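Worksheet: one structure, shown below.
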Amino acid sequence: MRRIAHASLAATTLIAAGWSISASAQDGPEFLPLEGRTLPFSQAVQVGDTLYLAGQIGLARGDSEGEANGIEAETRRAMDRIGETLAKYDLTHDALFKCTVWLADIDDFSAFNAVYRTYFKEGRFPTRSTMAVKALAGGAAIEVECIAWNPQD
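What follows is the structure, given as structure tokens:
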């Protein structure tokens, strides 16, 4: 009973603040499973008008023999993979409004930004958090996770 009261209070607060609650948000999240992989997470999850994308690393995959890794190449591949996920929803990088970036080496910050900025129109950069971490999966130099606007009229 308390949970229902809290949900009702939250909905009332959102409506009072000018937010609307769409039917799709009430129906629950819509999951896009990973293709050809058995990892325990989804590629993307749609909740209302918001599309949450899984983090992408940019390491060359097994079928990419001879491709270099490193911050520039990995940033490009991670952002391209984000673009591939967005395309499944008929979206582009323009739909992104928030990104979180993890760097294995904070000294790569400038090199990352040089590649990252090419995926957006000037003046239309998503909000972003960037941090350095001790290590990333597979020894990657970078991971990028984003949230996109995907209206469900």
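Count the sequence shown with mature numbering (1 follows the signal peptide of the UniProt record, and there is no 0) and you get residues -25 to -1, 1 to 128, in order.
Here a beta-carbon is modelled for each residue, glycine too, at the ideal position from N, C-alpha and C.
Values in this document were obtained by computation on a predicted structure and should not be read as measured data.
- Collapsing the DSSP output to three states places Phe16 in coil.
- Annotation: the continuous beta strand (DSSP E) that includes Glu120 extends over Ile117 to Trp124.
- Non-local C-beta neighbours of Glu47 in its own chain, meaning closer than 7 Å and more than five positions away in sequence, comprise Ala86 and Val90, ordered along the chain.
- In the structure shown, Tyr27 falls within a strand segment according to DSSP collapsed to helix, strand and coil.
- Phe87: member of the alpha helix (DSSP H) spanning Phe84 to Tyr91, first to last residue.
- In the DSSP assignment, Glu5 falls within the beta strand (DSSP E) that extends over Glu5 to Pro8.
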